[in-house]
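Oh and the sequence shown: position 144 is 146 in our numbering, straight run, nothing missing.
Encoded as structure tokens, the structure appears first; notes follow it.
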Amino acid sequence: MLDIAIIAVGGLKFRPWAEAAAEYIKRLKPYARLKVIEVEAAPFNHSSRAKSRQEEAERLGRALEKIAFGASVFLLEEGGEALDSLALARRLEKINQPLVFVIGGALGLEPNFSGRYPKLSLSPLTFTHEMARVILLEQLYRAATIIGGKTYHY
């Protein structure tokens, strides 16, 4: 069974995304112990973007300190390593420790924070952080079914 934590900046405010996330969380229960941790998004305007990203990085760092000891941490960024679903499943299958996935906020991740951990990309396209969470949950479910030999991925 996979042991997974997702640390995300902000919540899922758009109801369809929240419903989709809840569906994949439910589907993952037979395959993974899953914890979703939300840290508060920092408000920003044009002149305060860097400060807001720094505040969010500090919040993410505190959340990671609480749960990431001995875990494999991956940051989700558009410039990260791109894997197809089978490659992701095989990578996760080989890791014998808890997994932590970090999703930044609307402004992305602060560059100094971003440099500390390996990065994965869900796509070369840019998604909202809410969409990224749903896509990540679906891909984790897909990976779990691939690992478990179930017929979800064709």
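Glycine is no exception: its CB is placed at the ideal position from the N, C-alpha and C atoms.
For this session: Could you check what DSSP says for GLY117 in three-state terms: helix, strand or coil?
Result: coil
Exercise. Taking the C-alpha atoms as reference points, what is the distance between ILE149 and ILE97?
Worked result: 12 Å
Exercise. Should the stretch 31-44 be regarded as contacting the stretch 70-82, the criterion being three or more beta carbon pairs within less than 8 Å?
Worked result: no
For this session: For PHE103, count neighbouring Cβ atoms within 10 angstroms of its own Cβ and tell me buried if that reaches 16, exposed if not.
Result: buried
Exercise. By a C-beta neighbour count over all protein chains shown, 10 Å radius and 16 as the cutoff for buried, is ALA24 buried or exposed?
Worked result: exposed
Exercise. Along the chain, which unbroken stretches of the beta strand (DSSP E) at least 3 residues long are found entirely within the stretch 58-141?
Worked result: 74-84, 101-105 and 121-123
Problem set entry | Exposed unless 16 or more other CB atoms sit within 10 angstroms - verdict on TYR156 | exposed
Problem set entry | Cutoff 8 Å; reference MET3; Cβ partners in own chain excluding five residues on either side | TYR33, ALA34 and ARG35
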